[in-house]
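Colleague: The structure under discussion is supplied below as structure tokens; questions concerning it will follow.
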Amino acid sequence: MPDPIMRTLSMSLPSELAGHIDVVHPSTAFTVPDTRPRKSIQFDSVVPKRDAAAPESCNVNDSNPRNVLTPACLQALYNIPTTPATQENNPLLVTGYGNQWAQINDLQAFMKEFRPDYSAGANQTFVRVAIDGGTNPQWPGAAGIEAQLNIEYAAGIATAVLLHFLTVGGWDFPTALLDTTAYVASTPVPPTVMTTSKICDGYAAASARGVSVLSASGDGGVSGNHDDGFNCGLFISVFPASCPYVTSVGSTIGFNPEIAVNFTSGGFSEVFPQPAYQTAAVDAFLKTIPDGFPKFNRAGRGYPDLSLQGWGYLITANEQPSPQ
Numbered sequence: 001m002p003d004p005i006m007r008t009l010s011m012s013l014p015s016e017l018a019g020h021i022d023v024v025h026p027s028t029a030f031t032v033p034d035t036r037p038r039k040s041i042q043f044d045s046v047v048p049k050r051d052a053a054a055p056e057s058c059n060v061n062d063s064n065p066r067n068v069l070t071p072a073c074l075q076a077l078y079n080i081p082t083t084p085a086t087q088e089n090n091p092l093l094v095t096g097y098g099n100q101w102a103q104i105n106d107l108q109a110f111m112k113e114f115r116p117d118y119s120a121g122a123n124q125t126f127v128r129v130a131i132d133g134g135t136n137p138q139w140p141g142a143a144g145i146e147a148q149l150n151i152e153y154a155a156g157i158a159t160a161v162l163l164h165f166l167t168v169g170g171w172d173f174p175t176a177l178l179d180t181t182a183y184v185a186s187t188p189v190p191p192t193v194m195t196t197s198k199i200c201d202g203y204a205a206a207s208a209r210g211v212s213v214l215s216a217s218g219d220g221g222v223s224g225n226h227d228d229g230f231n232c233g234l235f236i237s238v239f240p241a242s243c244p245y246v247t248s249v250g251s252t253i254g255f256n257p258e259i260a261v262n263f264t265s266g267g268f269s270e271v272f273p274q275p276a277y278q279t280a281a282v283d284a285f286l287k288t289i290p291d292g293f294p295k296f297n298r299a300g301r302g303y304p305d306l307s308l309q310g311w312g313y314l315i316t317a318n319e320q321p322s323p324q
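Those letters in the sequence shown? Residues 1 to 324, by full-length UniProt numbering.
As structure tokens, then:
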């Protein structure tokens with residue numbers, strides 16, 4: 001039986017408070033939880049077996065026989081240092097919701113295979129942080145695909161950076177998200193970087209504390225999965241990628257040229273205005289767009305903020321390789 005959630009049939013606010021409150025949760029909404037499983041994309045080959053434009057670590061060789069995107073490939077491609085970090089109060093926070101659990105054994109197996117240059121990786125671990133009764137069991141079969149993807153590549157790329165895994169209990173996703181923002185806003189030593197999804201205004205406080213909040217730009221293409229191909233309406237931005245308080249990250253493929261993957265989302269918000277720091281880049285982009293393209297809001301906040309290779313990852317989950 002699923003966990004009960006709290007709702008109400010009606011609510012009211014004192015008039016003195018109404019102008020100071022943006023949202024009340026739990027509320028009168030009785031939405032059906034999204035129980036669709038996360039899809040894994042199967043692939044045979046994600047990059048050419050020999051690509052002269054790619055770093056050697058991104059090609060098929062003895063250290064990369066499967067022809068997948070490895071931490072070494074990403075480090076070489078984006079000039080990310082491989083030397084171990086030394087700052088102890090510089091944590092990177094990965095969040096886990098809805099029983100998305102991160103397994104230490106899988107993480108260590110991943111590090112052994114893909115970071116053989118970093119000997120301490122064989123004993124890689126993370127600090128478990130729990131709110132709302134969150135757990136992170138370490139039994140066989142408990143690994144969550146999304147949790148493993150995030151924790152393994154965080155460890156594999158950010159060498160020796162202190163990792164925190166925030167496990168949030170309960171099945172009421174909005175509550176879990178709000179409580180995450182409350183935790184980040186109040187913890188004595190906030191993470192320098194965190195990964196998350198959904199929600200927006202709650203991360204304004206985190207940003208004010210110097211936390212870089214990373215959010216994927218989405219995988220619904222330019223229409224954000226809101227256009228069925230027949231209505232041809234305005235392109236709807238993806239949320240929270242279009243939120244001004246997060247750093248939106250898109251997906252690319254290839255090396256020379258490195259181009260957007262066809263499923264990655266990007267565009268302009270119809271809710272949030274364009275920040276001043278985007279003006280020059282957006283103006284240059286709009287000059288490349290022919291007249292007669294009214295399907296997006298040219299004055300909105302543009303996203304993604306940055307993009308990197310997003311096709312062809314391989315993780316270890318439940319003691320098995322799993323392509324993503």
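C-beta: ideal position from N, C-alpha, C; glycine also. If you're wondering where the values come from, they're calculated on a predicted model, not measured in any experiment.
1. Let me know if Val238 comes out buried or exposed under the rule of 16 or more other beta-carbons within 10 Å of its beta-carbon.
2. Is it buried or exposed for Tyr78, if we count other Cβ within 10 angstroms and need 16 for buried?
3. Could you name each continuous beta strand (DSSP E) segment of 3 residues or more that falls completely within the stretch 129-198, going from the start of the chain to the end?
4. Report the rounded CA-to-CA distance for Ala260 versus Thr167, giving the unit in angstroms.
5. Residues in its own chain within less than 7 Å of Gln75 by CB, not counting five upstream and five downstream?
6. Of all the options Pro71, Asp201, Gly220, Leu177, which has the alpha carbon lying nearest to the alpha carbon of Asp117?
7. With DSSP run on the structure shown, which of helix, strand or coil describes Val282?
8. According to DSSP, Tyr303 sits in a beta bridge with which residue or residues?
9. Name the DSSP beta bridge partners of Ala317, please?
10. What are the boundary residues of the beta strand (DSSP E) that includes Leu17?
11. Let me make sure I understand the geometry here. Which of Ala205, Asp201, Gly250 has the alpha-carbon closest to that of Ser186?
12. Quick check on this structure: which residue in Ala284, Ser217, Glu258 has the alpha carbon closest to the alpha carbon of Ser197?
13. Put Gly202 into one of helix, strand or coil per three-state DSSP.
14. Which of the three DSSP states, helix, strand or coil, is assigned to Leu77?
15. Using a 10 Å radius around the Cβ and a threshold of 16 neighbouring Cβ atoms, would you call Glu319 buried or exposed?
16. Quick check: the Cα distance between Ala154 and Leu163, rounded to an integer number of angstroms?
17. Under three-state DSSP, which class holds Leu9?
18. Quick one: what does DSSP say Ala216 is sitting in, helix, strand or coil?
19. Closer than 7 Å by C-beta to Met6: which residues in its own chain qualify, once you throw out the five before and the five after it? Chain order, please.
20. Please report the straight-line C-alpha distance between Arg209 and Thr86, rounded to a whole angstrom.
21. Given this structure, state the Cα-to-Cα distance separating Thr103 from Ala317, to the nearest angstrom.
Modeller: Looking at the coordinates:
1. For the purposes of this step, residue 238 is identified with residue 238 of the sequence shown, where counting begins at 1. Flag for Val238 reads buried.
2. Position 78 of the sequence shown, counting from 1, holds the residue named residue 78. Looking at its Cβ environment, which holds fewer than 16 other Cβ atoms inside 10 Å, Tyr78 is exposed.
3. With a minimum length of 3 residues, the continuous beta strand (DSSP E) runs that stay inside the stretch 129-198 are 163-168, 193-195.
4. Taking the first residue of the sequence shown as position 1, residue 260 is located at position 260. Taking the first residue of the sequence shown as position 1, residue 167 is located at position 167. Approximately 32 Å, taken between the alpha carbons.
5. Counting from 1 along the sequence shown, the entry for residue 75 is found at position 75. Excluding positions up to five away in sequence, the list reads Thr82, Ile157.
6. The residue given as residue 117 occupies position 117 in the sequence shown. Checking every option, the nearest Cα to that of Asp117 belongs to Pro71.
7. Counted from its first residue, the sequence shown places residue 282 at position 282. Of the three classes helix, strand and coil, the one that applies to Val282 here is helix, per DSSP.
8. For the purposes of this step, residue 303 is identified with residue 303 of the sequence shown, where counting begins at 1. DSSP output for Tyr303 lists Gly267 as bridge partner(s).
9. Reading the sequence shown from its first residue, position 317 is the one you call residue 317. Partner(s): Gln320.
10. As a first step, residue 17 must be located in the sequence shown, where it is residue number 17. Careful: Leu17 lies outside any beta strand (DSSP E), inside the alpha helix (DSSP H) at 15-18.
11. Your numbering for residue 186 matches position 186 in the sequence shown. Per the C-alpha coordinates, the member of Ala205, Asp201, Gly250 positioned closest to Ser186 is Ala205.
12. Position 197 of the sequence shown, counting from 1, holds the residue named residue 197. Of the listed residues, the one whose Cα sits closest to Ser197 is Ser217.
13. The residue you call residue 202 lines up with position 202 of the sequence shown. If DSSP states are grouped into helix, strand and coil, Gly202 belongs with the helices.
14. Along the sequence shown, one-based indexing puts residue 77 at 77. Looking at Leu77 - three-state DSSP - the assignment turns out to be helix.
15. Position 319 of the sequence shown holds residue 319. The residue is exposed, with fewer than 16 neighbouring Cβ atoms inside 10 Å.
16. Your numbering for residue 154 matches position 154 in the sequence shown. Your numbering for residue 163 matches position 163 in the sequence shown. Using only the alpha carbons, I get a separation of about 8 Å.
17. As a position in the sequence shown, residue 9 is number 9, starting the count at 1. Here Leu9 sits in coil by DSSP.
18. In the sequence shown, residue 216 corresponds to position 216, counting from 1. Ala216 falls in the strand class under three-state DSSP.
19. On the sequence shown, position 6 is the one that residue 6 refers to. Here the set comprises Pro26.
20. Residue numbering aside, residue 209 sits at position 209 when the sequence shown is read from its first letter. Residue numbering aside, residue 86 sits at position 86 when the sequence shown is read from its first letter. Distance between the alpha carbons of Arg209 and Thr86 is about 22 Å.
21. As a first step, residue 103 is located in the sequence shown; it is residue number 103 there, counting from the start. As a first step, residue 317 is located in the sequence shown; it is residue number 317 there, counting from the start. Residue identity differs from the one stated: residue 103 is Gln in this sequence, not Thr. The alpha-carbon atoms of Gln103 and Ala317 are separated by roughly 8 Å.
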